[in-house]
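Numbering follows my numbering, in which position 316 of the sequence shown is assigned residue number 316; successive positions increment by one, without gaps.
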Amino acid sequence: MVYFGMIIISIKDPMSPIHYGGDYIAFWSAGKVANEYGYSKVYDMDLLGRAQFTGLYEIGYAKESQRSTFTTLPAPFLSFYLVPFQFLSRINNIELSYWIWCLCNIVVLVTYLLFFLRRVIHPGLNLVSRLIFLLLSVISFSVFDNFVNGQVNIFMMVCCGEFIRNTVGEKPFLSGVWLAGLLMKPQMLILILPLILIMRYWKVFWGFVITAGFIGAISCFLSGLDGFIALIKLWVQFPTEFGGYNAVTGPEMMINWRMIGLNTNRLLNSSGDWVITFIGIAITITVVILIMETRPIFGSPRWVVSMLGVFSATLAVTWHSHYHMALVLIPLLIYSTASKLIPEIVFYLFSVITPLSVIGSVLVYRALHFLMTSQLTDETGMVIAVSGFLMNMVIVYWVFRNTYMVKVKEEAKIEH
1 MVYFGMIIIS IKDPMSPIHY GGDYIAFWSA GKVANEYGYS KVYDMDLLGR AQFTGLYEIG
61 YAKESQRSTF TTLPAPFLSF YLVPFQFLSR INNIELSYWI WCLCNIVVLV TYLLFFLRRV
121 IHPGLNLVSR LIFLLLSVIS FSVFDNFVNG QVNIFMMVCC GEFIRNTVGE KPFLSGVWLA
181 GLLMKPQMLI LILPLILIMR YWKVFWGFVI TAGFIGAISC FLSGLDGFIA LIKLWVQFPT
241 EFGGYNAVTG PEMMINWRMI GLNTNRLLNS SGDWVITFIG IAITITVVIL IMETRPIFGS
301 PRWVVSMLGV FSATLAVTWH SHYHMALVLI PLLIYSTASK LIPEIVFYLF SVITPLSVIG
361 SVLVYRALHF LMTSQLTDET GMVIAVSGFL MNMVIVYWVF RNTYMVKVKE EAKIEH
């Protein structure tokens, strides 16, 4: 019901297309530019802006008077990942193209989760339990957020799921191959790659390196040196204030420590609360190190639950992390819950805590608006972001408790 209400509100405001399909606009326009000018121009903000405005103007979502103030959305991906949008952009109606993209993603999401549940999870798990896992996955806010924005994280989820499946199946090289798929959003690799090197998982590492080299070579071939340099510049500017992209990246809506510092500064009207962000990042990384100090056997259930902690922590510490990126956690959550290594309630909360938080915030906002005469700021966006961040912290806590703390207790028993 919450999701349905959000969709209706978005569609009823036709002059704000960014409310749904906003990210897809960037991907579609990159495909359009690739078709018309070549891949070397897919990072040209002027050409992207022209394609985006024209696409929206043709379906009545933009007016000519808005052309001078139109905000261009970048597509900061390696060219390799933009190839599908070259075909989707041939559908000139951008809205129809968006709905086709969503339909394809729904099919992939459900099909892959059914495959994962059948091939990876213990065969003793009954049909009802499998369907519950599927339902909880599909209704999670990360899935909803991915579809509303027209994002690409279903692919990221599949890569993470195959990374785990091949690890459990004792195929470390293939595990590394699939891990390289996360280069679509390289900020998701900031913790896992150093850990792979520290833990000396060499087959995983070489699988990653060879595949990453292939993806990089194809991207360079498509976009050329000029295009590759333009992408690097975009990556440097994208997460920073001086890059001018904060209006479209929405850091106040992320699910990381950066969001906590930003909203704390805003609410307290100060600029000194970034200390909270950096302390939080340091503590989170320390917890990850302690989790991996338990040295779980590679491919074991405890290793998988440790990876759940690593990726949850990554979402909290990386500088650019939106709710839809939490899709990568779903295969890890399914495996860890089915293996009884984290409580079932954690998976339930992952699926429902944000919709419940939205209901609560809307009710409180309406009540206060009725009781007070002054105008209130609608903080639903911050509620969504904070609930996602807290969910990350809950997952990290349970992984820490069921790995490092269990090890400490076992060592204490041995000493006694």
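C-beta: ideal position from N, C-alpha, C; glycine also.
The residue among Gly60, Tyr61 and Ser29 with its C-alpha nearest the C-alpha of Arg50 is Ser29.
Taking one beta carbon from each stretch, the stretch 253 to 271 and the stretch 108 to 127 have fewer than 3 pairs nearer than 8 Å; the two do not touch. Counting the other CB atoms within 10 Å of its CB gives Ser312 a total of 16 or more, which places it among the buried residues. Around Asp145, the same chain offers Gln151, His322, Tyr323 and His324 as residues with beta carbons nearer than 8 Å, after the five sequence neighbours per side are excluded. Per DSSP, Lys203 is one residue of the alpha helix (DSSP H) stretching across Trp202 to Gln237. Per DSSP, reduced to three states, the secondary structure at Asn126 is coil, with no helix or strand assignment.
Taking 8 Å as the cut-off, the Cβ atoms of Val346 and Ile395 count as close. Rounded to the nearest angstrom, the gap between the Cα atoms of Ile260 and Glu252 is 8 Å. The DSSP-derived three-state label of Ala75 is coil. Gly161 and Phe116 have their C-alpha atoms roughly 7 Å apart.
Lys409 is classed as exposed because its beta carbon has fewer than 16 other beta carbons within 10 Å across all chains shown.
Per DSSP, the continuous alpha helix (DSSP H) segment holding Glu36 begins and ends at Gly22 to Tyr37. A distance of 8 Å or more separates the beta carbons of Gly213 and Gly176. Under the DSSP assignment, Ser97 falls in the alpha helix (DSSP H) whose first and last residues are Ile94 to Arg119.
Here the alpha carbon of Leu82 sits roughly 44 Å from the alpha carbon of Val406.
Looking only at Phe27, Phe350 and Ala412, the smallest Cα-Cα distance to Met45 is reached by Phe27.
Between the stretch 340 to 358 and the stretch 131 to 140 there are three or more inter-stretch CB-CB distances shorter than 8 Å, so the stretches are counted as touching.
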